[in-house]
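Beneath this line is the structure, given in structure tokens, with notes to follow.
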Amino acid sequence: MSEQTFLDSLARRSAKRDRHGPEPSWIAARRQAGAARFEALGFPTRRDEAWKYTDVRAIANGEFALAEDADFSQTVAATLTLPIDAYRLTFVDGVYAPALSQLEGLPQGVQLVPLSQALADNHEAVGGPLGRLTGVEFSPFSALNTAFMEEGAVLRLAPGCVVDKPLVVQFLSRSGAQPVMCHPRLLVEAGARSQATLIEHHIGEEDAANFTNLVAELILERGAILDHYKLQEAPLGDLHVASIHAEQARDSRYTSYNLNLGGGLVRNDLISDLNGQGAVANFYGLFYGQGRQHIDNHTVANHNAPLTFSNENYKGILDDRARGVFNGRVVVKRDSQKIEGFQSNANLLLSDRAEIDAKPELEIYADDVKCSHGTTTGQLDEEAIFALRTRGIDQQTARGLLTLAFAGEVLDQVKLDAIAERVELAVAGKLPERFNLAGLVEAAAALDEQ
């Protein structure tokens, strides 16, 4: 599916949309700008520095349709949905699914609606923030998303609002004869001193082989606190690209939990602009790859103001012939004095054929700062395995204990037990010879007693 084929698909969708009446002129103008920019840039290649280790020909050469409905078995959806008490907005292949959503009882001051509804209710209120952080210049994929921009989620928190339980935006991927693509948009406006937990969950039917191209814009006003969980459990046939951009005002705190377990080809771009003194950004990431999975994480913490703080800890576990990429940047702008920026990346290779390309970066234009960065890559310690074996623990259990201990440093930061347990179970289930997590816990307890 060449660039022109994507644009032809866009033209067909635009013709259908026109039959339902004209849309606001600013939306049409942005779509055209996105299409023009994508046509000019084309898909990135490995000659582009930012895409040096990631080949997107599986996307460029794919044949994807656009979903027309949100039909999905409620029974199957129930097995895929996180077992957590939450407000939930659900999309099936990018199409809003009201039957699978649960929005009753939203507290006063909280608005969580599909983008299509937000545009229909008051498109002018959406027009200002939408596209402000991640414009068409950011990357070919953000331009492509803008060209197809039609559906997604809008979350608004009134100043001082504290949400009593998590807000889940769930993306379900269906299997079918024709692979589909979706370009969802996620817009969050967190008012001053508001506080919420947002869970972005990607999952689907086992045989699905679709393409998701998501753009998220998160705007935190003064003193706002947002915990953003991205749990990516897409089927191994899915292709997943995401551009996440946060803007932080004074004394705001943004915490990203980027947990990647699924997807055949995955690329995450995460950026936070710390624009006000006292702003804090925490990036916690864990990715597990098996088979021929390819998982690429690019992060940037922009310290645009003095007295701002960022902390990053990413861990990768790769098995079989999986490949991981980590590129993390801390940028300290001129006159951004007395900032602290810390970055750590550690990777565990469970197979001699697994690969990781890691590149931590510091770019500093101020002199009164505290910054550090580092990366390590290794395999399980054979001496540690031997020590566990001498205590009566079998080989596979010993390897499982050490692998979960490696992941634990990131998982310990996860505040929601349902997500932590889901990730632990997924990692334990995907390790060689399929360990049983309950058995690992019992083995650990036995070790403590000796």
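In terms of this note's numbering, the sequence shown has 1036 at position 243, counting the first letter as 1, and numbering is strictly consecutive.
Glycine is no exception: its CB is placed at the ideal position from the N, C-alpha and C atoms.
In this text, all values refer to a predicted model and were calculated from it rather than measured experimentally.
Q. Does the Cβ of residue 925 have 16 or more other Cβ atoms within 10 Å, making it buried, or fewer, making it exposed?
A. Classification for residue 925: exposed.
Q.
Pairs of beta-carbons, one from the region 1059 to 1069 and one from the region 1197 to 1213, closer than 8 angstroms: are there three or more?
A. Too few Cβ pairs lie closer than 8 angstroms, so no.
Q. Who are the near neighbours of residue 1216 in its chain, counting only those whose CB is closer than 8 angstroms to its CB and skipping five residues on each side?
A. Around residue 1216: 1024, 1052, 1054, 1079, 1200, 1204, 1207.
Q: Pick out whichever of 1092, 846, 1086 has its Cα sitting closest to the Cα of residue 1076.
A: Closest by alpha carbon: 1092.
Q) What whole-angstrom Cβ distance do residue 1131 and residue 1100 have, given they're in contact under 8 angstroms? A) Contact check for residue 1131 and residue 1100: beta-carbon distance about 5 angstroms, within the 8 angstroms limit, so the pair qualifies.
**Q.** Opening and closing residue of the alpha helix (DSSP H) in which residue 933 lies
**A.** 933 to 941 is the span of the alpha helix (DSSP H), which, as asked, contains residue 933.
**Q.** Within 8 angstroms, strictly: CB atoms of residue 1168 and residue 1151
**A.** Cβ distance < 8 angstroms, so residue 1168 and residue 1151 count as in contact.
Q) Is DSSP giving residue 945 helix, strand or coil here? A) When DSSP states are grouped into helix, strand and coil, residue 945 belongs to the strand group.
**Q.** The beta strand (DSSP E) enclosing residue 1154, as first and last residue numbers
**A.** Where residue 1154 is concerned, the enclosing beta strand (DSSP E) stretches over 1148 to 1157.
Q) In angstroms, rounded to a whole number, what distance separates the CA positions of residue 1121 and residue 1176? A) Between residue 1121 and residue 1176, the C-alpha separation is close to 31 angstroms.
Q.
Contact between the region 986 to 1004 and the region 867 to 876 is defined here as three or more beta-carbon pairs at a separation below 8 angstroms; is this criterion met?
A. As far as the Cβ criterion goes, the region 986 to 1004 touches the region 867 to 876, which means the pair count is three or higher.
Q. Leaving out the 5 sequence neighbours to the left and right, which residues in its chain are closer than 7 angstroms to residue 1170 when beta-carbon positions are compared?
A. Same-chain partners within the cutoff: 1140, 1142, 1149, 1151.
**Q.** residue 1074 versus residue 1183: straight-line alpha-carbon distance, rounded
**A.** About 43 angstroms.
Q. For the alpha helix (DSSP H) that residue 1192 lies in, which residues bound it at each end?
A. It spans 1188 to 1204 - the alpha helix (DSSP H) in which residue 1192 sits, taken as one unbroken run.
Q) Taking buried to mean at least 16 other C-beta atoms within 10 Å of its own C-beta, is residue 1248 buried or exposed? A) Any answer about residue 1248 is impossible in this case: the structure gives the chain only from 794 up to 1243.
Q: Assign residue 1224 to one of two classes, buried (16 or more other C-beta atoms within 10 Å of its C-beta) or exposed (fewer than that).
A: Confidence at residue 1224 is low in this model, with a pLDDT of 45, below 50, so the placement of that residue should be treated as unreliable; the coordinate-derived value is given next. Result: buried.
**Q.** Meets three-Cβ-pair contact criterion under 8 angstroms: the region 931 to 948 and the region 827 to 836
**A.** Contact between the region 931 to 948 and the region 827 to 836 is present: three or more C-beta pairs spanning the two stretches fall below 8 angstroms.
Q: Kindly examine the ligand MG and report whether one of its heavy atoms sits closer than 7 angstroms to the Cβ of residue 1139.
A: Ligands are entirely absent from the displayed structure, and the ligand MG is therefore not among its contents.
(Q) Can you tell me whether residue 1241 is buried or exposed? The criterion is at least 16 other CB atoms within 10 Å of its CB, across all chains shown. (A) Unreliable placement is indicated for residue 1241, whose pLDDT of 47 sits below 50; the coordinate value is still reported in the next sentence. Taking all protein chains in view, the Cβ of residue 1241 is surrounded by fewer than 16 other Cβ atoms within 10 Å, so the residue is classified as exposed.
(Q) Here's the rule I'm using: 16 or more other beta-carbon atoms within 10 Å means buried, otherwise exposed. How should residue 891 be labelled? (A) Exposed, by the Cβ-count rule.
Q) For the putative contact between residue 1014 and residue 922, defined by C-beta atoms under 8 angstroms, what is the C-beta separation to the nearest angstrom? A) In this structure residue 1014 is not in contact with residue 922, their Cβ atoms being roughly 11 angstroms apart against a cut-off of 8 angstroms.
**Q.** Neighbour-count burial assignment, residue 1213, 16 or more Cβ in a 10 Å radius
**A.** By the neighbour-count rule (16 or more Cβ atoms within 10 Å), residue 1213 is buried.
Q. Helix, strand or coil: how does DSSP classify residue 976 here?
A. Note: residue 976 maps to coil in three-state DSSP.
Q) Is residue 807 helix, strand or coil when you go by DSSP? A) In this structure, DSSP gives residue 807 a helical state, which the three-state scheme calls helix.
Q. What number of angstroms, rounded off, separates the C-alpha of residue 946 from the C-alpha of residue 978?
A. When rounded, the distance between both Cα atoms is 6 angstroms.
(Q) Suppose you measure from the CA of residue 1042 to the CA of residue 1155; what does that come to, to the nearest Å? (A) C-alpha separation (whole angstroms): 22 angstroms.
Q | Pairwise C-alpha distance: residue 950 and residue 957 | A | Distance between the alpha carbons of residue 957 and residue 950 is about 12 angstroms.
Q. From this set, 1145, 972, 1006, 1002, which residue's C-alpha is nearest residue 1115's C-alpha?
A. Taking the Cα of residue 1115 as reference, the smallest distance to any Cα among 1145, 972, 1006, 1002 is reached at 1145.
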